[in-house]
Each structure stands twice: as C-alpha cells, then as structure tokens.
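Q: All you need for our numbering is the position in the sequence shown, starting with 1, plus 3.
Backbone N, C-alpha and C fix where the C-beta goes; we use that ideal spot for every residue, glycine too.
Small disclaimer: the values here were computed from a predicted structure and weren't measured.
The structure follows.
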Amino acid sequence: MSEAPGRGGSRFALILALTLAAAVVVGCRTDKPRLHLYRHADCTATSIEIEYPDLDACTDVAPQETAPPLTIQQYGQLDYWDLRLEEVLQTALTNSKVLNDLGGTVIRAPDATPTTYGPALQETDPRYGVEAALSAFDAQFSTSAFFEKNDRTLNNQFFGGGTRLLVQDAAVFQTQLTKRTAFGSELTLRKYVEYDSNNAPGNAFPSVWNVNPEIEMRVPLLQGSGAEFNRIAGPSETPGLLSGVLLARVNTDISVADLQMAVRDYVSNVENAYWDLYYAYRDLDSKIVARDAALETWRRIRALHEANRRGGEAEKEAQAREQYFRFEEDVQDALTGRIVDGTQTDNGSRAGTFRGTGGVQVAERRLRLLMGIPISDGRLIRPSDEPNVVPTRFDWNQVVADALSERAELRQQRWRIKMRQLELKANRNFLLPDLDVVGRYRWRGMGQTLIDPEWGQPPFDNAYQTLMSGDFQEWQLGVELTVPIGHRRAYVAVRNSQLNLAREQSILKEQQRVILHDLSNGIAEVDRAEASVRTTYNRRVAAAQQLAAVEAAYDADKAPLDLVLEAQRRRADAESSHHRARVEYALAVKNVHYDKGTLLDYYRIYMAEGAWPAAAYHDAAERRALQVRPCIDYRLHRPLTVASLGQQAVMPAQPAVESLPPVDLPPDAAYDRSAAAGSRLHPGVIPLPDVRSAVASPVSFQASPAAANYVR
C-alpha cells in the first residue's frame with residue numbers, strides 16, 4: 004500500500020516545527036569556566052623524567068671483578084705477568100666480541116662500534132637481508148570469511164529481484180595461494196564459496212551456494228621480466244627502489260669487508276699497545292739507571308759538602324741534588340704515565356704512528372682494555388718479546404700488487420661498484436613498456452546446498468556436484484599495456500645510477516692513489532727506522548763511553564761537575580732513543596703489512612664462519628634425504644650476471660662437536676651431485692667482486708655465513 008505524497012510533506016513540516024519549538028524553549032546557557040585545583044596525586048608536574056630500564060638479564064660488570072688499580076704507591080710490590088705478542092693477540096681475539104679502540108668510540112658512538120655480529124646482522128636484516136629479499140618470492144596464502152545480514156528497501160524492484168523489501172543472508176569465503184616466480188610471473192590459485200539466501204521472487208531457489216575455483220597467471224613480457232632483473236630488483240615496480248637478492252648479497256659482502264677491516268685495525272691497535280708498553284718499560288729502565296747514577300753523584304758531592312772539602316761547594320751540591328730529583332720525576336712519570344693519546348690507528352698514519360708518551364701503568368691498562376680482560380687484577384703485564392730489528396726489504400712491485408688485490412677497502416669499494424652496475428642494469432629495464440599477458444581459467448558450480456552426502460538429483464542439487472560435472476567453465480586471456488609518456492622517472496633513475504657508478508669508480512681510483520701514497524711512506528719509514536736503529540745504537544755506545552771517560556776525569560780532578568751531569572743526561576736520552584728506534588722499526592714493518600693488506604696473514608689470523616649447532620646439521624641432512632628429483636629442473640644452466648670473481652682462501656671453521664648419524668640418500672637425490680660439486684660455495688671462502696665481466700656461474704648468489712668468528 005503506497006502513501007499519499009501530501010501526507011508525507013505534512014509529517015515532515017510537523018517534525019521541523021517541533022524541533023524549532025524545543026530549541027526556543029531550552030534556549031542557550033553560558034557558564035563561566037571553573038578553576039579546579041588538583042592535588043599532587045591527581046597530576047604530575049613533569050612529563051619526562053630520568054628513569055632506569057628494567058632489563059631481563061643483568062649485564063653490568065660486578066665491582067668485585069675488577070681489583071683496585073695499581074698506582075705509584077704499589078711500586079716495589081708488583082707481581083709481573085710476562086706475555087708474548089702472540090699470546091696477547093690470541094687472548095684479545097678470543098675475548099673481544101666488540102672490536103674496541105682507544106678513542107672511546109664504544110662510549111661516544113656505540114652504534115658505530117664494530118662487532119663480530121656485523122655480517123650476521125646484515126644477513127638477518129628483515130628489510131635488506133638476503134632472506135628478506137628471497138621472501139618476496141615465497142608463496143603467500145590468504146583466506147577470508149565474511150557474513151552479512153541485509154534488510155533494506157529499494158526504490159526499484161528490478162534491483163531487488165521483484166521486491167522492494169529485500170531480506171538477505173549472505174556469506175563469502177575466499178581462499179587464495181599466490182606465488183611469484185624468479186622470472187617475474189605471478190601465479191594465483193583462488194577459490195570462492197558464496198552463499199545467498201533472499202526473498203527475491205525471481206530466484207529459482209530461495210537459497211543457493213556458488214563454488215568458483217580459478218587459476219590466474221600474469222606474465223610480464225617487457226618491463227619486469229627475466230630472472231636477472233628480478234634477482235636484482237626483486238618485486239619492485241618503482242625505479243630506484245630495488246631490493247633483490249643480488250643487492251642483498253652484495254650488502255652482506257660489504258659487511259664482511261667491514262668486519263675484516265675492523266679486525267685488522269683491532270689487531271694493529273693491540274700490537275701498538277703492546278709495543279707502547281714495551282717502550283714504557285725500557286724508558287723506565289733507562290730513567291732508573293740515570294736516577295741511580297745521579298743519586299750516587301749527589302751522595303758523593305754531599306759527603307764533600309758536609310766535610311767542607313774542595314768539590315763540595317753549596318752550588319755543586321744543589322746542582323747534583325736538582326739533577327737527582329729531575330730524574331726522580333722522570334721515573335715517576337715513566338712508571339705511572341700521563342693520560343694522553345697513545346699509538347693507535349689514524350693518528351698520523353693509517354696503521355698508527357708511534358707516540359711513546361704513556362707510562363707503564365697507563366700503557367698496561369690500555370693493553371688490558373684491548374685484550375678484553377679485567378682492567379686490574381693485582382698483576383702487571385710485562386712484554387717478553389723483543390722488537391725484531393732484522394733488516395727487511397720489500398719488493399715494490401710485489402707490495403703494490405698485494406695492496407691492490409688484498410686491501411679490504413678496495414674490495415669493498417669494488418663491491419659498491421658492482422652494486423651500482425647492477426642497479427643501472429635494473430633501472431634500464433624500467434625504460435621498457437609494461438606489457439603483461441594475463442590468463443584466467445575458472446570452473447563454476449551452483450546448487451541449493453553446498454554438498455550433499457547422498458549426492459541428490461542433478462543438475463543443481465548441490466554446488467560441488469555441479470562443479471564436478473565440468474559443465475560450466477570459463478576462461479579469459481588478454482594483454483595489459485602501460486606506458487608512462489616520456490618515461491621521466493625511469494630516465495632519472497638511469498641517470499642517477501650512472502652518476503652513482505661514476506662516483507664509485509672515481510672513489511676507487513682515488514683510494515688506490517691514497518694506498519700507494521701510504522705504501523710509499525711506509526717503505527720509506529722502514530728504511531728510516533732501520534737507519535735510526537743503527538745510529539741510536541752508536542749514539543748509545545758513545546754516550547756510555549763518554550760518561551765513563553768524564554767520570555774518570557772528574558775523579559782525577561780534571562773535569563768539572565757540569566760535564567758529569569750532562570753526560571748522565573746524554574746517556575739516559577741515548578738509551579731511551581735507541582729503544583724508541585727499535586719499537587719504531589717494528590711498527591714500521593707492521594705498518595707496511597697493514598698498508599698492503601696482509602697484516603692478518605702476517606700473524607696467521609684467519610676469519611671463518613662459526614660452527615652451526617648440531618641441530619642445524621641434522622635438519623639439513625634430513626631435508627636432503629627427503630629430497631627427490633623434480634619433474635622439471637628449474638635451475639638455470641645458462642650463465643647470469645656475475646657477482647663474484649673468485650674466493651679469497653681463509654681457514655675453515657671447526658665442525659660441530661656433535662656427530663651426525665649416517666644418512667642414506669635416495670637414488671633420485673643424487674642426480675645433481677656432479678653439478679653441485681663444482682657450483683657449491685665453500686664455507687671457508689670470502690667472495691671477491693667482479694666489476695668487469697658479465698658472465699659467470701650463479702653460485703656466487705648463495706647466502707654468505709650468518710656469523711663469523713676467529714681462528715688463530
């Protein structure tokens with residue numbers, strides 16, 4: 004029954020009049036704001052305060068783990084701990100997860116402090132790691148279920164199936180499995196299940212079920228196609244935003260080079276601290292000898308002074324006493340030291356220029372800090388090795404060749420160049436039109452019920468019965484073309500990649516020049532230090548002979564006291580200078596190995612992946628035993644873009660302690676043994692980048708170790 008138009012208008016006017024009347028009766032009311040004073044319990048005066056975090060595990064160093072520091076008060080009550088340089092390096096590499104330095108970086112900038120976790124952090128990065136890049140090609144499963152209750156009035160009964168008052172119960176179930184292939188194709192297996200129950204008079208059944216499984220495939224033909232592009236760019240459809248597995252692997256190799264450089268600098272600083280401590284002891288010895296000689300001279304002059312004899316004048320006694328206390332001050336400073344910069348990397352040279360400014364106790368605490376042992380334990384470390392003063396000659400051509408091939412900085416920069424080359428190749432793909440072939444095939448089933456266990460009367464008794472009959476099938480095939488007019492963003496991305504590549508190549512060239520400069524300084528420093536060792540030795544001998552001659556002349560009353568005191572100072576300076584020259588020569592030889600990239604090899608220090616847990620080996624063996632030969636070999640036998648030119652030999656890690664049980668491989672699992680034997684990346688090698696060739700084996704794309712340790 005329909006309602007007259009006039010009555011509807013009168014009802015609307017009546018409602019409007021009542022609303023206006025209510026507004027007039029109520030009127031408006033304005034209240035002045037009230038001021039409420041709250042107690043301290045109701046609010047706080049500050050929003051930010053200094054608080055301490057509640058950690059699950061306490062990582063603080065217990066006060067009892069570190070003994071009180073040795074000071075000048077304990078001199079003469081010391082317990083020495085003799086250590087060789089090899090023992091110091093081994094202890095330092097064993098204890099140091101954090102590759103500390105003497106510049107306070109771990110306090111000032113902890114995020115910039117290198118640790119042994121660097122490659123593992125990069126490898127497991129959920130944004131830019133290798134596994135994160137590979138996850139873009141993992142199969143994605145999704146499902147959803149929605150239920151509806153609709154009760155609506157319709158202006159047109161055509162849309163209601165013959166009624167203007169539609170009452171409907173509906174449900175939609177969707178399940179989907181999507182997989183992106185390495186060639187850029189996207190495969191989708193989807194299934195819809197729909198339920199619809201409504202009061203439309205035009206329906207054949209009051210309620211109906213629809214089951215629609217379908218297969219969809221989208222294949223790019225130009226932009227985004229090919230395994231090479233997808234391994235570089237990943238699933239990205241935006242120029243410049245690349246996240247492929249190749250770039251992730253290059254980032255991992257860059258982090259490995261960072262770790263290698265950090266270990267090298269750490270070893271260099273440990274040796275610098277060792278020789279600083281050695282020189283501090285030698286300098287202390289020379290000053291003690293000079294002080295004792297000055298003390299003996301002062302006693303002789305004082306005895307003459309007290310006896311009022313010739314040679315014991317007051318000015319001579321005061322002069323001898325001043326000489327003694329001068330050397331006593333030097334002994335105190337040489338024992339305790341002042342807190343100034345010691346020998347460390349990048350303090351004038353890359354590997355460290357010898358300073359020799361700290362005393363024994365300061366230098367010993369620095370060495371303990373680098374070794375990762377308690378800063379004080381009641382003992383005083385004393386170096387037992389002597390600096391090597393054997394003449395060393397380096398072949399310039401060989402040194403240059405070693406530096407250009409072994410320096411981790413150059414290898415890291417070559418990896419950056421390789422990354423820019425890969426980015427340029429991927430960004431050029433975005434200049435192509437986006438042309439996709441899309442295909443879809445669908446089966447349909449409809450019935451009064453979803454499934455009938457008794458398999459009722461066809462054709463529409465239940466949806467699955469209709470579906471299995473195969474009478475209702477659909478397909479769709481077409482192409483999609485998208486072409487941005489002008490390709491402005493793609494051209495900008497290509498140009499940016501070209502500029503980045505040119506920048507990295509220029510940096511590599513300049514790095515090589517700087518390394519050659521450092522090598523030139525290092526070779527010259529070796530020759531200078533060697534000559535200084537000989538010169539200071541002769542000076543030391545001459546100073547000792549001069550002191551003996553002057554003392555003999557003084558005893559014979561043929562030389563004044565001034566010459567004796569001056570000779571004592573000269574001998575102390577000559578003694579200290581000779582030991583300084585010996586340390587400088589040892590550090591000069593070490594610095595040449597640093598500059599040419601062979602410092603770790605020089606000390607037989609190798610980097611290797613740490614042993615995995617036994618459970619990981621068991622899981623890998625079980626998966627390999629269950630693997631069968633696939634019906635289709637998806638491996639690419641044609642060479643792709645190379646990312647590695649070769650491997651740098653390192654020491655392999657020791658195997659896990661737990662032994663693996665014997666596993667019998669099925670016959671089908673051995674089909675690729677010969678191919679895999681030549682393509683599997685050895686776990687104990689560091690890949691080297693290739694920035695020239697464009698063809699190589701895809702083996703260099705495998706993931707790098709997720710952890711690293713040191714084998715000495």
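Taking only the alpha-carbon atoms, compute the straight-line gap between residue 565 and residue 527 and give it to the nearest angstrom.
A: Taking the straight line from one Cα to the other gives about 39 Å.
Q: What is the rounded straight-line gap between the Cα of residue 371 and the Cα of residue 378?
A: So the alpha carbons of these two residues sit roughly 6 Å apart.
Q: Quick one: grab the DSSP three-state call for residue 217.
A: Residue 217 falls in the strand class under three-state DSSP.
Q: Work out the CA separation of residue 152 and residue 177 for me, nearest whole Å.
A: Rounded to the nearest angstrom, the two C-alpha atoms are 18 Å apart.
Q: Out of 335, 447, 99, 422, state which residue places its alpha-carbon closest to the alpha-carbon of residue 214.
A: Of 335, 447, 99, 422, the residue nearest in Cα terms is 447.
Q: Would the stretch 314 to 326 and the stretch 591 to 601 be scored as touching if the rule is three or more Cβ pairs under 8 Å?
A: Verdict: no, contact absent.
Q: By Cβ distance below 6 Å, which residues in the same chain neighbour residue 191 in space, the five residues on each side in sequence not counted?
A: These residues qualify, in order along the chain: 181, 219.
Q: Between 404, 252, 476, which has its C-alpha nearest residue 600's C-alpha?
A: With distances taken between Cα atoms, residue 600 lies closest to 404.
Q: Mind listing, in chain order, the continuous alpha helix (DSSP H) runs of no fewer than 4 residues lying wholly within the stretch 182 to 246?
A: If we require 4 residues or more, the alpha helix (DSSP H) runs fully inside the stretch 182 to 246 come out as 230 to 236.
Q: Would you kindly work out how many angstroms separate the C-alpha atoms of residue 515 and residue 92, rounded to a whole number?
A: The straight-line gap from Cα to Cα measures roughly 29 Å.
Q: Alpha carbons only, please: which of 283, 625, 161, 426 is nearest the one belonging to residue 234?
A: Here the closest residue by C-alpha is 426.
Q: Along the beta strand (DSSP E) that carries residue 384, what are the first and last residues, could you check?
A: Residue 384 -> beta strand (DSSP E) spans 382 to 386.
Q: Could you check what DSSP says for residue 421 in three-state terms: helix, strand or coil?
A: DSSP places residue 421 in helix when its eight states are reduced to three.
Q: Mark residue 416 as exposed unless 16 or more other C-beta atoms lie within 10 angstroms of its C-beta, in which case mark it buried.
A: Classification for residue 416: buried.
Q: Across the stretch 449 to 456 and the stretch 280 to 293, are there enough close Cβ pairs to call them in contact, namely three or more that are closer than 8 Å?
A: No: fewer than three Cβ pairs fall under 8 Å.
Q: Mind checking who residue 152 pairs with in its DSSP beta bridge?
A: Partner(s): 172.
Q: Beta carbon of residue 88, beta carbon of residue 265: below 7 Å?
A: It is not a contact, given that the beta carbons lie outside the stated cut-off.
Q: By a C-beta neighbour count over all protein chains shown, 10 Å radius and 16 as the cutoff for buried, is residue 348 buried or exposed?
A: Under this definition residue 348 is a buried residue.
Q: Return the CA-CA distance between residue 319 and residue 304, expressed in angstroms with no decimal places.
A: Going from the Cα of residue 319 to the Cα of residue 304 covers about 7 Å.
Q: Who does residue 445 pair with in a DSSP beta bridge?
A: BP columns for residue 445 point to 217, 477.
Q: In the DSSP assignment, find the unbroken beta strand (DSSP E) run with residue 84 in it and report its ends.
A: Segment 82 to 86, the beta strand (DSSP E) holding residue 84.
Q: Between the Cα of residue 407 and those of 518, 333, 332, 449, spot the shortest distance and give me the residue it belongs to.
A: Closest option to residue 407, Cα to Cα, is 518.
Q: Assign residue 497 to one of two classes, buried (16 or more other C-beta atoms within 10 Å of its C-beta) or exposed (fewer than that).
A: Classification for residue 497: buried.
Q: Name the two residues that bound the continuous alpha helix (DSSP H) containing residue 495.
A: Unbroken alpha helix (DSSP H) run through residue 495: 491 to 558.
Q: Can you tell me whether DSSP reads residue 147 as helix, strand or coil?
A: Strand.
Q: So, with DSSP's three-state summary, where would you put residue 254?
A: Residue 254: helix per DSSP, three-state reduction.
Q: Between the C-alpha atoms of residue 226 and residue 174, what's the straight-line distance to the nearest angstrom?
A: Taking the straight line joining both Cα atoms gives about 39 Å.
Q: Please state whether DSSP places residue 105 in a helix, a strand or coil.
A: Coil at residue 105, not helix or strand.
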